[in-house]
Each structure stands twice: as structure tokens, then as C-alpha cells.
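Chemist: Protein chains in written order, with the UniProt record's numbering: chain A, 1 to 386; chain B, 1 to 386; chain C, 1 to 386; chain D, 1 to 386.
Ideal placement from N, C-alpha and C gives every residue a C-beta, glycine not left out.
Number of protein chains: 4
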Amino acid sequence: MEKQLNVGIVGTKFMGKAHSNAWKKAPLFFDVSAQPILKVACGRHEASLKEFAQQWGWQETETDWKKLVARPDIDIIDIALPQQLHYEVALAAAKEGKHIFCEKPLAMNSQQAEEMLKVCEDHKVVHYLNHNYRRTPAVALAKRMIDEGKIGRIFHWRCAYQQDWIVDPSFPLTWQLRKETAQAGPQWDLNSHAVDLAHFLIGDIATVSALTTNFIKERPLADESTSGNLKAESKGDAKGEVTVEDAALMLVQFANGAIGSFEATRFATGKKNGLTFEIYGSKGSLLFDLERMNELQYYSREDAEGYQGFRTILATDGSHPYMQHWWPAGHIIGYEHAFVHAVVDFIDAIETKQTITPNFSDGLKILRVLEAGLTSAERHQQVIIS
Amino acid sequence: MEKQLNVGIVGTKFMGKAHSNAWKKAPLFFDVSAQPILKVACGRHEASLKEFAQQWGWQETETDWKKLVARPDIDIIDIALPQQLHYEVALAAAKEGKHIFCEKPLAMNSQQAEEMLKVCEDHKVVHYLNHNYRRTPAVALAKRMIDEGKIGRIFHWRCAYQQDWIVDPSFPLTWQLRKETAQAGPQWDLNSHAVDLAHFLIGDIATVSALTTNFIKERPLADESTSGNLKAESKGDAKGEVTVEDAALMLVQFANGAIGSFEATRFATGKKNGLTFEIYGSKGSLLFDLERMNELQYYSREDAEGYQGFRTILATDGSHPYMQHWWPAGHIIGYEHAFVHAVVDFIDAIETKQTITPNFSDGLKILRVLEAGLTSAERHQQVIIS
Amino acid sequence: MEKQLNVGIVGTKFMGKAHSNAWKKAPLFFDVSAQPILKVACGRHEASLKEFAQQWGWQETETDWKKLVARPDIDIIDIALPQQLHYEVALAAAKEGKHIFCEKPLAMNSQQAEEMLKVCEDHKVVHYLNHNYRRTPAVALAKRMIDEGKIGRIFHWRCAYQQDWIVDPSFPLTWQLRKETAQAGPQWDLNSHAVDLAHFLIGDIATVSALTTNFIKERPLADESTSGNLKAESKGDAKGEVTVEDAALMLVQFANGAIGSFEATRFATGKKNGLTFEIYGSKGSLLFDLERMNELQYYSREDAEGYQGFRTILATDGSHPYMQHWWPAGHIIGYEHAFVHAVVDFIDAIETKQTITPNFSDGLKILRVLEAGLTSAERHQQVIIS
Amino acid sequence: MEKQLNVGIVGTKFMGKAHSNAWKKAPLFFDVSAQPILKVACGRHEASLKEFAQQWGWQETETDWKKLVARPDIDIIDIALPQQLHYEVALAAAKEGKHIFCEKPLAMNSQQAEEMLKVCEDHKVVHYLNHNYRRTPAVALAKRMIDEGKIGRIFHWRCAYQQDWIVDPSFPLTWQLRKETAQAGPQWDLNSHAVDLAHFLIGDIATVSALTTNFIKERPLADESTSGNLKAESKGDAKGEVTVEDAALMLVQFANGAIGSFEATRFATGKKNGLTFEIYGSKGSLLFDLERMNELQYYSREDAEGYQGFRTILATDGSHPYMQHWWPAGHIIGYEHAFVHAVVDFIDAIETKQTITPNFSDGLKILRVLEAGLTSAERHQQVIIS
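#1: Apart from the five residues on each side of it in sequence, which residues of its chain come closer than 6 angstroms, Cβ to Cβ, to Tyr-322 (chain B)?
#2: Report the partner residues of Val-252 (chain A) according to the DSSP bridge assignment.
#3: Quick one: grab the DSSP three-state call for His-331 (chain C).
#4: Applying the criterion that 16 or more other CB atoms from any shown protein chain within 10 Å of the CB defines a buried residue, is Ser-285 (chain C) buried or exposed?
#5: List the whole-angstrom C-beta distance separating His-127 (chain D) from Cys-159 (chain D), where the pair is believed to meet the contact cut-off of C-beta under 8 angstroms.
#6: Strictly under 7 angstroms for the Cβ-Cβ distance: is Met-1 (chain D) near chain B by that measure?
#7: Suppose the cutoff is 6 angstroms on Cβ atoms and the five residues either side in sequence are ignored; what does the same chain contact list for Ser-20 (chain A) look like?
#8: Just checking my contact of Val-383 (chain A) with Ser-376 (chain A) at CB under 8 angstroms: how many whole Å lie between their CB atoms?
#9: Starting from Tyr-298 (chain A), follow the beta strand (DSSP E) in both directions and report where the run begins and ends.
#10: For Thr-61 (chain C), name the three-state secondary structure that DSSP assigns.
#11: For Ser-261 (chain A) versus Glu-263 (chain D), is the C-beta spacing smaller than 7 angstroms?
#12: By Cβ distance below 7 angstroms, which residues in the same chain neighbour Asn-214 (chain A) in space, the five residues on each side in sequence not counted?
#13: What do you get for Asn-256 (chain D), buried or exposed, if any count of 16 or more other CB atoms within 10 angstroms of its CB means buried?
#14: Note down, in chain order, each residue of its chain lying with its Cβ closer than 8 angstroms to the Cβ of Ala-26 (chain B), except the 5 sequence neighbours on either side.
#15: Here's the rule I'm using: 16 or more other beta-carbon atoms within 10 Å means buried, otherwise exposed. How should Lys-353 (chain A) be labelled?
#16: How would you list, in chain order, the residues of chain C whose beta-carbon sits under 7 angstroms from the beta-carbon of Glu-295 (chain B)?
#17: Given that Ile-259 (chain A) touches chain D, what residues does it touch there, using C-beta distances under 7 angstroms?
#18: Could you name the residues of chain B that Lys-13 (chain A) contacts, counting a contact when the two beta carbons are closer than 8 angstroms?
#19: Is the CB-CB distance between Ala-268 (chain C) and Asp-164 (chain C) below 7 angstroms?
#20: Quick one: is Ser-110 (chain B) buried, meaning 16 or more other Cβ sit within 10 Å of its Cβ, or exposed?
#21: When you compare only the Cα positions, how much space is there between Trp-188 (chain A) and Asp-362 (chain A)?
#22: Is there a C-beta anywhere in chain A that falls below 7 angstroms from the one on Ile-9 (chain B)?
#23: Closest by CA to Leu-201 (chain D), which one among D:Ser-209, D:Met-145 and D:Gly-330?
#24: Near Leu-290 (chain D), which residues of its chain fall below 8 angstroms by C-beta distance, leaving aside the five closest residues on each side in sequence?
#25: Give the straight-line distance between the Cα atoms of Gln-324 (chain D) and Gln-176 (chain A), rounded to the nearest whole angstrom.
#26: In the DSSP assignment, find the alpha helix (DSSP H) that holds Arg-368 (chain D) and state where it starts and stops.
#27: Name the DSSP bridge partner or partners of Gly-281 (chain A)?
#28: Identify the continuous alpha helix (DSSP H) that holds Thr-352 (chain A) and give its terminal residues.
#29: Here's the rule I'm using: 16 or more other beta-carbon atoms within 10 Å means buried, otherwise exposed. How should Ser-225 (chain C) be labelled?
#30: Using 7 angstroms as the threshold, is the C-beta distance between Leu-141 (chain A) and Ala-258 (chain A) below it?
#31: Hey, how far is the Cα of Ala-92 (chain A) from the Cα of Met-116 (chain A)?
#32: Within the continuous beta strand (DSSP E) that includes Arg-135 (chain C), where are the two ends?
#33: Would you verify that the beta carbon of Gln-163 (chain D) is, or is not, closer than 7 angstroms to some beta carbon of chain A?
#34: Considering only residues of the region 5-53 of chain B, which uninterrupted alpha helix (DSSP H) runs meet the minimum length of 4 residues and lie entirely inside it, listed in chain order?
#35: Using 8 angstroms as the cut-off, can you tell me whether the region 3-10 of chain A makes contact with the region 73-83 of chain A, which would need three or more C-beta pairs spanning the two stretches below that distance?
#36: Confirm, please, whether the CB-CB distance from Thr-212 (chain D) to Ala-238 (chain D) is below 7 angstroms.
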């Protein structure tokens, strides 16, 4: 008889949807080590919760996450919530011995993260932090190529994560734009992804020099009930102060001697979810663009002279990470597929009693870099990562 | 209580997988008019059938498709088989009053297609032919733009469908390369898609001039048990003749005065599933590339002089066809999603007692063009479509 | 003392300018075998001729080309005229023993071309036909790669030459749009280039099936004095019939077994001078786009599996044809540079008493293909090239 | 009788060639206000100087630049030298009342630049600093679009200037890699261009935070006689220390509230002369890539919703800056053409007694930013531009 794992999810919005899809889809395309059961969905609003659970096939619902994490039949807590709520839920879940699949960014600050990590380690639960882009086949291929030595010694990391959803000054002051609910702006939301990729592909960051700014200081107050999926509306005429940065730029030194740059913004008009990185090394280079996420650009100095050039590897054939489970070469996959890969690997980690990366330890390391960035921006000087 | 529709699928390989995924995924992301139930999977080989059914959640199995189509509890027959088998199954299914979701190309020839269409019409079943690319959001957007008049009078259609999976002469003589099992090569497999898109976007084709060729005349015999997903192996040293064309090119005149070209090949080294089209009109132009299927290139002569250019519309925001059901703008979808859209629209057609396109009538029209192409290639002269 | 060659040019419009620039620039960047002297410019209109000669440094002027070709001090006749006038001037020049640098297309028909070739051969003059794109470094590189065997056996040639300068129905009936002055439309103007490239890169063409059409049948009469550089104006309200085709498509079989397609049009909205070709072979593929003429896309099946992809060779380093004479790698060149390369090679041919290609023999072969195309289009059947 | 201006050039290597070409070509394609006469070429090595002068048509030669600047018949001194020599030559030339066309970067430091500017102003000579990329048509178009308000309020400037010519550790220690001859590495050579573009397109820079590094600390000593065009060779086995940075990154705040980033490196494997910038504003965005310098990407928020996208303007038609003087639309120009535009505008400034930009004042401003960058990198803190 097949092993099963009961999942309880907290959160029913964009990430609730993306995670639910991953839990359902993983066993269809992959030979998972255990069958994930969509057991309980948890949300504050009864009506929308019921609808969500029915749509996605969650067997039961719960409006109090404390009850959910206390249920003995639950093996996995999936935290699909804004960062403000991660700490409390994760601590409680770990203490109950639940394995944790947690949306990013990990927490509001590194103190929370440290504690979350410690409790997870103390209770020996598997903890996963969903920096999903690591499991995009083209990114996983980049990692493999670096590990194989194809890029040689790395000189440069150049990364931008660019969106434009708040360029309009009438876009309201949603929770993402207030410090008490979001802690920071694109530094948390976007640069957490970018720093994770840098840690994954390049290595540890030793110093940070950062610059942040606000382009629009005040916005209409938000009707939070409309804030899902970036389509928020304002309520009334009152305005409030934007208390997180609109853009965050960082220059870094890696411990291995490479240098890097990060640019995260919500004001890059025309860029919707534009995460790009460039890696230049002594033997070759790699370029990636999330809006063309099935492609990896590769330049090799080992190609014959005069015949070198950036080549587009369409990372869709069976030799590419994860791709033998999907379609024939040339048939692309989309945004949601990396979540499926994460679920497959997470289940595998539980069953084989291994760790999975990125996890809370990685998340803590990311937050330390992000915090150093904010400190640097405030003090106008370089900060050394301790 | 919600309406349900019981589906019986025939075929368990590449298309069996793609269709199963669509039946499962449609109700998760869309508000379907009726809930599709994955009732019965049908295949010839008991063992692989069981595995397939379990993987995808088909409730029951059946090794004889005749028994399947005779079952009174089945509402829909999904024909996920090679073209050789469509005729027989479709006729039987229609006669039993089943709605039909049929993989392309429709049939081995237009005589079969005519009969299939007639029986479906006589039995008033909904028939759908899965030229899935019509339901790629960027393609559906192209259609909307043409209908809105943004392109004006259309002058040119230029289309290529390029693959490279048989460039290696040691690739074996699979069923796709023999006339008795496939009827034709890329003219059937690839140009059927291309002609469907041309009918959809430009209009009816009036004349055809074609050229076909074979680059490799003999190949090792195939071990057909390995022929799924383009990874076939040969058995022994014996060779056999390739009896379908390796490449098929057509020049056409459309009834509306536009002219067009088609190029379908399995010998375009480097192209995996490279379907591209270009449309040039009096007011604007559209370019599409399936390997970047979330993008549509648009040139407008109505932009200010000096500021005109081909712009890349990333067809991922809520205003684009089907996309409000998926992710926020900038989060791309993949190959499999168009199948989901087809399932949603097919269910809707059944529930609202409407027709859906493309259907067997469209498929018949496509086959007439493809046959005219083969005739033209043989006779070395233009053929008028009757 | 350095060898000199006196040049007499006939024609002062777009091509007069492009050729003059090439004669002046060649000795600056290249070590030419002999110094070209811009001796005499010839044109019908005294005033504009004087201005042209002064601008470009032609030492003398002549309004009668017959006098020019008779001058004993002239070594080279540069025919920078519309095709209607090539025959007469070339015959006279060759009979006077002048070497001929002739703009394309060669002539109004293959009978003229045959005679032109014969007279040149009889009088042992060097004859060059300016299909300049052969000498674009990226195209010359493509040729070298094919000759080196990097592409292997060639299966496919796919070429389009797309412009849009007559999409507007109010564009007047210039000489290019009338049969008596132009012989044909894009079949002559654009497909002559495309067929030359096909001959150069792939080989001889054995059969042709073609389709031509007219989108706009009548246009306002032109004020020919304004017809330079595609900015023509009409005069009065009178209209005349367009007597050349607006678009010409061809499917061909090459003698070596490859097949190919050509598409030439003046109705591809958004394409200004869009010449693209694709070559697919058993070992690799090549893609070219004139609007990005410094780049050559190369796919190699000999790259490691999983790391294959189309790579962009920026053909600007010293290893690439002609490029060691220009700038450091990464500094691109433009449209006019291929004319310079042609002048350098043409002078070299004269000094070394060699032939240069393409020449009138190549031009004759091109015209036979183009004529076969028009015949095929008229008869709606394939034509075999004799 | 036409006005003439006698030019004396100092420097005969890469820039001597690029400038000579510009002086010769400008009057051919443009109606210049005065005819530039290539009067005197000046270089230290008699033999190579003679060859250079003959190749390019300089009428006379001079091996001592002091004699050249003292000649009363010279109107213009063209300084085509490494930065180390600009100060001395420019001061002397200005004192003699010569107009100055000076290669970039302006000088070794801002003290030199200040003095150079002052002397030029005192002697009322026209001074031009050759940041040639401003006069690339696509860049000039970007400026026009910003001035027209098409981009709105600018939020972001993101720029990289990436080359790879010293990735190989055996590349020798040429003058560009030693502080006493070059002052700095890519911060001077590449970021001077980038900062000029930022000043031109965005505005003044208020603060700088920078990071520099060295990837390779020692290199073989160079045979300087081979150092032209980046193809240097080493002499013997001795090594010396690299005393300029290998890469320089900056984050900046502009006075107008925009923020920006710069990345200049000689270690971006695969990038030959890769200058790219991105500008994001409240109404639209612009992207540029020097390796495709005829193209400007433009995104407009004023396009209809759902039809927005980055469009590629091929800046080659008569409506684009400078382009009516070259070829018909779609016929691209190359690297050298911007030098021609600079010569045309410089002559015009002399004849109309106007200033031209960029000039020594702009160069001084650039050097202050670059120096602030180096200071910031050394102190690990932000520097405010005074």
C-alpha cells in the first residue's frame, strides 16, 4: 500500500492556488515517494475558504490555523501566507512536528528566521522555503553547468528583478506597501528571490552596498479585500504614507571573489515579472530571463575561435533537469511547473529523511543579506555580512 | 447538484497524457459548465493501461474500445490515438451518441472525414478536433486583433512548422514514417496544424501548389514498443522504405486574395517544435513563434511615423484570452495549457448545445487542402480546392 | 609608382551614391591592388550631375554615356542604373574593352544577359554583378562554414525578402511598377538577390514552382523626378495599371537534393529591408537576417547533447571575412560596407586577371530561374530549369 | 568659394583611423558648413606615420605635436591619443586658438579637466569631447523622445558596458592596465561613456556608491608596439602588477530623483563591446544595446491596454536623427557613423560660433562622477557629488 502524506494549507489567495495546483499535479507527472493528500485548507473567511477548498479538492476546512497545526492527522503544513504570518504559524507547526513547506520571503526579520530555524531543527522537521525559481529547469541547468566547471571561475553576477505594478500613483496602499505588514518592499519580495539565486549559483555574499528610494510617497488607502493578484482598489479619498521602499539596488562582493549587482523594483514600466540574471566566468557565461524561462543563454570560450556566440539552449529535452517528466523537446512549460518540482523534492526529502534546499537556513542567510542591504542604504556605506 | 460528464479515453501515450492532464486541470482553474469525470481509460496493453489509469486517476479500464463506446454511462469519447484509428472509433462513438474530443489529424483521408462528419451530424453529437494551438492565448489574441480590424486587409500568410527528430538516418522506421499507418508525413502531422491556423486566421484556401521530398529513403525497422515520445529504437539490422514525405512545402491562394506559404519538415536541425507564422496586412502585422508561445509580435502602421516597430505583447495579462484564469501578468504558461482551454470550451459546447470549432467540418476542409497538396506535388502543378 | 584604374560611373541616384562611397572608401581601409580614380560621372541631367560629381569627388562629368564608354582613359565602367539600361551600356563598354562593375538585376531578360556575357567574354573584360550581400561578413562566413563541412548535407533553404514601401495605395506608379521599365517586380528586384544567395550557398536550382499576385491593381501616375530613395510622389489624379507583380513566391528543388522556398514582397508591413534566410543541414544550421547583418545564427549537432542551441556569432572579429580591416570585435558595420568589399575584390580580379563572382554568368543563371518562376506562375505548374 | 578648415590630427592608431574616416566621410554624406581639409597628421614614429598619412590622405606629417599646434595654418586639432596625453596637447592647442576635437576620456583627473576647460574658454575655442554614442541615431532618438515627454518622469537608469578582452590571464600588462598611463580601468574607459549617456539622457548625478575589484593581479609585461586594437603581445617572462581596476560598479542618485546603476567590466566573457542601457519612466521605457545599435526598444503605457509591449524601432528611416543622409529605411549603419555625425556638428559649431556638446565642461562633470566613484569604492561609502 502506498505511503500517504496529509497536507494542511494555510492561505487561499495567489499562493494558495499555486501550491494547491502543485500538490495535485506532482503525482500525475512524477513518481512521488508518497502521495500527498489535500486534507485541510485553512483561511479566515469562511465563504471564500469553502469555495477555495471545493475548487481545489481540499477535503476539509478550518478557519483557525492553530487548530489545524494541532491536528494529529496532518503531516505537512503548507504556509501560503504573506510574510507577516510565517513566524507564528511555522513555530507552532514545527513544535507539533509538522514538516513545513513555506512561501517566501521567510519572515519579517532575521531574528524571527533564526528562531524558526532553531525550532525546526529541534523538532527535526523538514523545512522548505519556496524560492521556486531554483527549480526552473533552465536555472537548475545553469547550476549543473557551473558545478560541471563549464563556466570556470565566476567573475560577475548581474541580476534584476523588475515589475511595474505600482507605477500608477492611484494604485492603493496595500499591505505590501506598509512596513508593519510587509517589513520591506522589493528588497523583501523580489531581492529575496534574487539573493537566493545568487547563493545557489555563485556562493556566499560577503559585503553589501545598497541604495533604496521612494518614487511615490503617499497613496490612497486600500480596500484590502481586493488586494489579491495585484488588482487592488482604493477606498475613499484618504491617503496614507508608503513606508517601504519602491526600489532597492545592491552591489555585493562574494566570498569567492566574484562581484555582483542586484536591482529590484516595482517601477520598471513594461516589465511584468522580469527576473534576469547574467553570470560571466573565465570559461563561459550564462544569461537567463524569467519571461522566457525555458531558455538559457550559454557562451563558451571553449568553442572554436570565430565560432563563439551566445547560444540559446531550449531547456525542454529529457536531458534537462525535471524535463523528462513533461513533454517532448520544444514543448515549453510555464510558471507553475517549478512549484510541482518543489513538491516532488520536498516529499522526497521527507521520505528519505534528508534536508531539502532552500530551507530556513538558506532563508535566514538571505534575510541577513537583505537586512544588511537596508542598513547600508540607510547609512550610505558598505556593510559586511557577519 | 453539479452536472457531471463521464469521459472515456482511448489512447495512453503522449496524447493520452496530455488529454488526461487537461480533463483534470480544467475544473481547477476554470468554472466549467459540467464536471468531467475520468471514468474509463482504454488501451490494448493491459499492464501499461493499468499503470496509466492509476497515474491519472481514470476510475476503470477497458482493453476493447468497442466495449467502451457501447457503455451507456459514458458521455464523451476522447480519441487520443494515431490518425489510423480515428475513423473507426469516431464512427462507432457517434453512433452511440457520444460527444467526441478527437486528436488531430482528423483521419487518413477526406473520404473518412466526410463520413465521420456526417455520422456526427446525424447523431447530433458535439465533435471537436484538437488543433490545440488555436487556444494558445497569443494565437487567440491574434484572431481577436484580426477580427477587430487591427491588421486590415491581409496580404500575406507565411508559416513554417519545423522539427528535427528524424535527421539522424539511424532513427527507425516508426509508424509515422509509413504510408499505411500514417497516410503522410509532416503534411499530415504538421501542416494539418498550420492549415488549421490559416483557416482560423486568414480564411479559406482556393489553390495549392506543393513540393514534397524525401531526404532519407530507407531506415532500420522500428521496435514499435519504443515509439512513444519520439524516442524510438530499431530492432535488428533490417531496413525498410520510408513511404511518406520528409518535408512538404505549399504555396496557396486564399479566397480573399491573400497569398500564403507553408513549410513542414522533420529535417530542420535545431528546431524542436518550431511553429512560426507571419501575417502582413494593410494596417499591421503579427508574428508568432510556438517556442515563445506567450508572445505575439505586433506592428501597427497606425503608430506615429518614426515610432513604429514590432512590439512584443506578452499575452499573459487578464485582458488576454483565457489568461484571467491563470497567473498574474508576466507569469507564463506552457504547451499543455491550450489543451485545458479546449476541454473547457468543449464541455461548454456540450452543455449549451452549441458547436465548437475546430470540429470535423474544419478537419475535413483541412484534409482537402492537404490532399490537394499531395496531388499538386505529384503532378507538379497547381490544384484548385473544390 | 602605384597602379591606378580610372572609373567612369553611369547613374547618380541611390546606387550612384552607394558605389561612389565604395570607390572612395576601399583604398582607405584595404590594401587595394590598384588605386581607383573617380574619373568621370555620367548622368542625363546636367545640374544634378554636377552636384553629384562635386559631392563625391568625380573629376569630370559627361551627359552622354556613349561618349563615356568611348573614352580611352577609362578602365572601368560602373553601371549604377536601373536594369532597363544595363544591356545597352554593358555591351558598348565591353566592346570598348572596359571592365564592368554592374548593379543588379543584370538585365531585363536572359536573352540580354546571354549576349552581355558573350560580349564580355569575347572582349576578355572583367565583369562583376553587384549582388553585394554575398560580401556581408556574416554571409561570407556562412559560405565558409558550409564549405568547411560544418553544416553537412543541406536539406533546406528558406528565404524571404520582405519590404513594405508600396503598402499605401496612394504610392504612385513609379518605373519599378511598370513592366516596360522594370520587367518584373520583387521577382527581379528582390528574388534576384535571394536566388544569388541560394546559388552561392546551396547550389544550382533544378525546378521552380511559383506564385505571384497583385494586391493593388492601379496607382496614381508618378512624378518620376521624385522617385529616388523610395520617396516618390504622384502627379495629378490620373491612374495607371500596375503591370508587375506585387509579390512572388517560389518553391524549388536544388540539383543536390535540397529543397527551398523564396518569398519576395513589397507588402510585408513593418519589414523595411528584411532579407532572412535559414539553412538546415545534417550537421548544423544557419540563420541570417539582413536587418541584423552583423550576426549569424549557428546550430551545431556536434555540440554536446543537452547543450545544443542556436548561437549568435557576432561576425565582427578579425577571424571573420573582411573584418580585420574594420574595427575591433563588437564594433558593427553597416549596409554600405559590402559594396566596399566588392570594389576591393573587383580591383583585385582586374589586377590578377582572374574572374570574380558573382558575374554575368551568375546573373544569367539567376535570370533563368526568375524567368522560370514567372512562367511557372503563369502556367500554374512546375518548370524545369534547362 | 567654399569655406575650408585645416585639421591637424595627433594619434595614428585605432582612434586616428576612426577620426580620419570621419573627416573624409562627413562632406560626402552631409552638407557641411565648411570643408575639412586633412592637412597634417602627427605621430611619434616616422615610418608608421607616413604610412598612416598616405593611407588616409593627410597632406603632410609632423613628428612633434608642439610644432603642429604652433602652425598658423591649422584650424582644428584632433586629439586621437590615449588620455595620458590629452592635457598637454589640449592646453597648447587652445592657447594657440585651435578648435579641439578630443577623444575621450577627457583627462587623467578633474584637475586637468578644469584647467583644460578654463583655457579653452579663455581662448574662445570650440571644444568637443568625443563621447560618440550620443550621436548614434537610436540614442539621439531616445533623447528626443525623452524631451518630447514620451517617457514621462524617469525612475530608473540601468546601464552596463561589458567587454571581455582581458579575461585571458596571459593578456599582457598594456598601458590600459597601469595607473600611471591610464589613471583607471573600465571606470575611465567605459564608465566615462556610460556616465556621459546618463548625463545626456537623465540628468545630473548627485551621489555615488561604487565597488571596484581586480580579478587578475599580475600579468606579463607588454610589448607596447603591439598594443593597437586590443591585440597586444607580451615580451619575455617578467610580470607586473595590474594597477587599475578590472571592473567598476556604481549606484547613483540623480538630482531629479531617478536612481541608476552602472556596470563596467573587461571580464564579461562573450561581450565584445556590449553597452546596454534601460530607462524606465512613468509613461514609457527605452532599451538600447550597442551591438544592435540601429534599434531602440520602446514601451509605451499610452498604448491600449492588452496591446502594450516593447517595440523595436529600427532607427533607420528619414525621420530619425541623422538618417536622412544615409540610406533608405532598413539599411543599417555601423560603429563609425557616429564619428561622422560628430564631425558634421563640430564643424557646424565652429562656423556658427556655438558650443557643441559634449564638451570639456561635460567631460569635467563626468570625471568628477568617476573620481567620486573611485573614492566611494576605496572608502566603502557613498560620496556626494559637489
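Modeler: In brief:
#1: These residues qualify, in order along the chain: Pro-137 and His-341.
#2: Paired residue(s): A:Val-208 and A:Gly-260.
#3: The answer is coil: DSSP assigns His-331 (chain C) none of H, G, I, E or B.
#4: It is buried - the Cβ of Ser-285 (chain C) has at least 16 other Cβ atoms within 10 Å.
#5: The pair is not a contact, with the Cβ atoms about 25 angstroms apart (cut-off 8 angstroms).
#6: In this prediction, Met-1 (chain D) scores a pLDDT of 47, lower than 50, which makes its location untrustworthy; the coordinate-derived value is nonetheless stated afterwards. Against chain B, the CB of Met-1 (chain D) has no partner CB under 7 angstroms away; the residue lies outside that interface.
#7: So the list reads Trp-56, once near-sequence residues are dropped.
#8: The pair is a contact, with the Cβ atoms about 4 angstroms apart (cut-off 8 angstroms).
#9: That run of the beta strand (DSSP E) goes 295-300.
#10: The answer is strand: DSSP assigns Thr-61 (chain C) an E or B state.
#11: Result yes, Cβ atoms of Ser-261 (chain A) and Glu-263 (chain D) sit closer than 7 angstroms.
#12: Taken in chain order, the residues that qualify are Val-242, Glu-245 and Asp-246.
#13: Taking a 10 Å sphere around the C-beta of Asn-256 (chain D), we find fewer than 16 other C-beta atoms and assign the residue as exposed.
#14: Here the set comprises Val-32, Pro-36, Val-340, Val-343, Val-344 and Ile-347.
#15: With fewer than 16 Cβ atoms within 10 Å of its Cβ, Lys-353 (chain A) is classed as exposed.
#16: The contacting residues do not exist; Glu-295 (chain B) stays about 16 angstroms from chain C at best.
#17: The answer, in chain order, is Leu-211, Thr-213, Ala-247 and Leu-249.
#18: Chain B residues near Lys-13 (chain A): none, gap ~11 angstroms exceeds 8 angstroms.
#19: Contact flag set, yes.
#20: Flag for Ser-110 (chain B) reads buried.
#21: Near 14 angstroms, if we compare the C-alpha coordinates of Asp-362 (chain A) and Trp-188 (chain A).
#22: By this cut-off, Ile-9 (chain B) is not an interface position.
#23: Comparing Cα-Cα distances from Leu-201 (chain D) to each of D:Ser-209, D:Met-145 and D:Gly-330, the minimum goes to D:Met-145.
#24: These residues qualify, in order along the chain: Tyr-133, Thr-136, Asn-273, Gly-274, Leu-275 and Thr-276.
#25: Roughly 50 angstroms separates the two Cα atoms.
#26: Counting along the chain, the alpha helix (DSSP H) containing Arg-368 (chain D) begins and ends at 360-379.
#27: Listed as beta-bridge partners of Gly-281 (chain A) by DSSP are A:Ile-154.
#28: That run of the alpha helix (DSSP H) goes 337-352.
#29: Exposed, since its Cβ has fewer than 16 Cβ neighbours within 10 Å.
#30: Contact flag unset, no.
#31: Going from the Cα of Ala-92 (chain A) to the Cα of Met-116 (chain A) covers about 10 angstroms.
#32: No beta strand (DSSP E) contains Arg-135 (chain C), which DSSP labels as neither H nor E.
#33: Not a single C-beta of chain A is nearer than 7 angstroms to the C-beta of Gln-163 (chain D).
#34: Taking only runs of at least 4 residues, the alpha helix (DSSP H) segments lying wholly in the region 5-53 of chain B are 14-29.
#35: Taking 8 angstroms as the limit for Cβ pairs, the verdict is that the region 73-83 of chain A does touch the region 3-10 of chain A.
#36: Thr-212 (chain D) is positioned such that its CB atom lies no closer than 7 angstroms to that of Ala-238 (chain D).
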